[in-house]
Amino acid sequence: MPLQRLAGPVHYLPGVTNAGVIIGEGNQAILIDTGSGDRSGRAILRALDEAGLRPSAIMSTHGHGDHTGGHAWIVERTGARVYAPGLDAVVLEQPAWGTICLFMGAEPPPELAVPRYAPRPCRVDVLVEEGVYREAGVTIQAVPLHGHTGSHTGYLVEGVLFTGDAVEGRREMEAPKLSYLHSVTCQLATLEYLRTFPCERYLLAHDEPTAEIGGLLERNLAHIHNVIELLLGELAAGPQPAADLLAAVCRHYGLAPRHLRDYALLHSTLHSYLGHLLTTGQARYELADGKLLWTVA
Ligand SMILES: [Zn+2]
Numbered sequence: 001m002p003l004q005r006l007a008g009p010v011h012y013l014p015g016v017t018n019a020g021v022i023i024g025e026g027n028q029a030i031l032i033d034t035g036s037g038d039r040s041g042r043a044i045l046r047a048l049d050e051a052g053l054r055p056s057a058i059m060s061t062h063g064h065g066d067h068t069g070g071h072a073w074i075v076e077r078t079g080a081r082v083y084a085p086g087l088d089a090v091v092l093e094q095p096a097w098g099t100i101c102l103f104m105g106a107e108p109p110p111e112l113a114v115p116r117y118a119p120r121p122c123r124v125d126v127l128v129e130e131g132v133y134r135e136a137g138v139t140i141q142a143v144p145l146h147g148h149t150g151s152h153t154g155y156l157v158e159g160v161l162f163t164g165d166a167v168e169g170r171r172e173m174e175a176p177k178l179s180y181l182h183s184v185t186c187q188l189a190t191l192e193y194l195r196t197f198p199c200e201r202y203l204l205a206h207d208e209p210t211a212e213i214g215g216l217l218e219r220n221l222a223h224i225h226n227v228i229e230l231l232l233g234e235l236a237a238g239p240q241p242a243a244d245l246l247a248a249v250c251r252h253y254g255l256a257p258r259h260l261r262d263y264a265l266l267h268s269t270l271h272s273y274l275g276h277l278l279t280t281g282q283a284r285y286e287l288a289d290g291k292l293l294w295t296v297a
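Note that the sequence shown covers residues 1 to 297 in the working numbering.
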């Protein structure tokens, strides 16, 4: 797969998860995310080889396995330096934390340890914070886009913003469901922030490059507000457990999780919404007869 140019030295390799490739000094390349698993890492290295490039660094948008799965393969063969934002770096180095969180802090059953949730571990060299980094003579601005994960980060290079999973793409928005969110409150702030963010092109992780994401941002925002309205309507019917609220959301969006790993993601995301409603004073909980019940504030 040849490199696709976005602007100047900024390229990408299209895939299920797009990988950014920025060409720096001395035929070095800076990668942004590496897709899923060793297979993806191998394909990226092959494409760089064909272009006469060698990776000097990998910038990670966040710690999910479909974005960091190729890291270990590439680092083992090239010694590339790995950048990752704080909370996500923990998951890169200790992938078990991802599945532990999905199982509410308890030891997760083996069926949750799929590569998508628990890729091979990879050491992190640089903890990314908001600011400017220099690698192979290239200036890269780390832009906090928290919400999808606790420290999810975008990267701005030469007017191109790599948004990772901060914005859902056109295909996901055709039939929106309950996509994973760590923090609804942060995600709403991120989408608002992007409305006025100055850049020339965007590369979403799971869509084609575009110069305009205004319409997508509106649809992303509208979808989150729709879920909030749906939950407030359910909560108005009286105190109920989170499991009943999740069942109502599943009915509404036509979701029928068949595996614990799918249910666990939905369960976590529902609690991101409940946490948002709680901290914004729209919902409250009560404990009765050993049950945690949610209702309108
Ligand atoms: Zn993700």
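Cβ coordinates follow ideal geometry from the N, Cα and C atoms, glycine included. Note that the structure is a prediction, hence the values are computed from the model and not measured.
Inset, instruction - Starting from the Cα of residue 215, find the closest Cα among 271, 167 and 77 and give me that residue. - result: Position 215 of the sequence shown, counting from 1, holds the residue named residue 215. Selected option, being the one with the closest Cα: 167.
Inset, instruction - Just mark residue 276 as buried or exposed, buried being the case when its beta carbon has 16 or more other beta carbons within 10 Å. - result: Taking the sequence shown and counting its residues from 1, one reaches residue 276 at position 276. Classification for residue 276: buried.
Legend entry - Residues near residue 53 by beta carbon distance below 6 Å, same chain, minus five either side: Counting from one through the sequence shown, the residue named residue 53 turns up at place 53. Here the set comprises 27 and 29.
Inset, instruction - Assuming residue 151 and residue 95 form a contact by the criterion Cβ under 8 Å, report the distance between their Cβ atoms to the nearest whole angstrom. - result: Within the sequence shown, numbered from 1, the residue matching residue 151 stands at position 151. Within the sequence shown, numbered from 1, the residue matching residue 95 stands at position 95. Actually they do not touch by this definition, with Cβ atoms about 16 Å apart.
Inset, instruction - Return yes when the Cβ of residue 205 is within less than 9 Å of the Cβ of residue 147, no when it is not. - result: Reading the sequence shown from its first residue, position 147 is the one you call residue 147. Reading the sequence shown from its first residue, position 205 is the one you call residue 205. Contact: no.
Inset, instruction - Please report the residue range of the alpha helix (DSSP H) in which residue 227 lies. - result: The residue given as residue 227 occupies position 227 in the sequence shown. Start and end: 214-235.
Inset, instruction - Assuming residue 8 contacts residue 56 (C-beta within less than 8 Å), just tell me the rounded distance between them. - result: Along the sequence shown, one-based indexing puts residue 8 at 8. Along the sequence shown, one-based indexing puts residue 56 at 56. Actually they do not touch by this definition, with Cβ atoms about 18 Å apart.
Legend entry - Sufficient close CB pairs (3 or more, under 8 Å) joining the stretch 114-121 to the stretch 92-106: yes
Legend entry - residue 128 beta carbon less than 9 Å from that of residue 153: Numbered from its first residue, the sequence shown carries residue 153 at position 153. Numbered from its first residue, the sequence shown carries residue 128 at position 128. In contact: residue 153 and residue 128 (Cβ atoms closer than 9 Å).
Legend entry - Beta-carbon proximity list for residue 32, same chain, < 6 Å, skipping 5 on both sides: As a first step, residue 32 must be located in the sequence shown, where it is residue number 32. Once the five neighbours on either side are set aside, the close Cβ partners of residue 32 are 20, 59, 155 and 162.
Legend entry - Inter-residue Cα distance where the pair is residue 271 and residue 171: Counting from one through the sequence shown, the residue named residue 271 turns up at place 271. Counting from one through the sequence shown, the residue named residue 171 turns up at place 171. Cα-Cα distance, rounded: 25 Å.
Legend entry - Rounded separation between residue 269 and residue 89 - CA only: Your numbering for residue 269 matches position 269 in the sequence shown. Your numbering for residue 89 matches position 89 in the sequence shown. Taking the straight line joining both Cα atoms gives about 21 Å.
Legend entry - Enclosing alpha helix (DSSP H) for residue 29 [first to last residue]: Indexing the sequence shown from 1 puts residue 29 at position 29. Segment 28-32 is the beta strand (DSSP E) holding residue 29; no alpha helix (DSSP H) there.
Legend entry - Pocket of ligand 1 defined by Cβ to heavy atom distance under 5 Å: 64 and 165
Legend entry - CA nearest to the CA of residue 71, picked from 37, 101 and 99: As a first step, residue 71 must be located in the sequence shown, where it is residue number 71. When only C-alpha atoms are compared, the closest one is 37.
Legend entry - For residue 89, three-class secondary structure by DSSP: Walking along the sequence shown from the start, residue 89 turns up at place 89. Of the three classes helix, strand and coil, the one that applies to residue 89 here is helix, per DSSP.
Inset, instruction - Look at the alpha carbon of residue 231 and the alpha carbon of residue 13, and state the distance between them as a whole number of angstroms. - result: On the sequence shown, residue 231 is found 231 positions in, with the first residue counted as 1. On the sequence shown, residue 13 is found 13 positions in, with the first residue counted as 1. Answer to the nearest angstrom: the Cα atoms are 39 Å apart.
Inset, instruction - Give me whichever residues DSSP pairs with residue 59 in a beta bridge. - result: What you label residue 59 is simply residue 59 of the sequence shown in a count that begins at 1. Partner(s): 32 and 83.
Inset, instruction - Note down, in chain order, each residue of its chain lying with its Cβ closer than 7 Å to the Cβ of residue 91, except the 5 sequence neighbours on either side. - result: Here residue 91 refers to the residue found at position 91 when the sequence shown is read from its first residue. These residues qualify, in order along the chain: 63, 97 and 98.
Legend entry - Neighbourhood of residue 210 by C-beta distance below 6 Å, restricted to the same chain and skipping five residues each side: For the purposes of this step, residue 210 is taken as residue 210 along the sequence shown, with counting starting at 1. Result list for residue 210: 202, in chain order.
Legend entry - residue 246 vs residue 266 beta-carbon contact at 9 Å: Position 246 of the sequence shown holds residue 246. Position 266 of the sequence shown holds residue 266. Yes, the Cβ-Cβ distance between residue 246 and residue 266 is below 9 Å.
Inset, instruction - Indicate the three-state DSSP secondary structure (helix, strand or coil) for residue 180 in the structure shown. - result: To locate residue 180, count along the sequence shown from 1; it is residue 180. Correct three-state label for residue 180: coil.
Inset, instruction - Taking only the alpha-carbon atoms, compute the straight-line gap between residue 197 and residue 144 and give it to the nearest angstrom. - result: Here residue 197 refers to the residue found at position 197 of the sequence shown. Here residue 144 refers to the residue found at position 144 of the sequence shown. About 12 Å.
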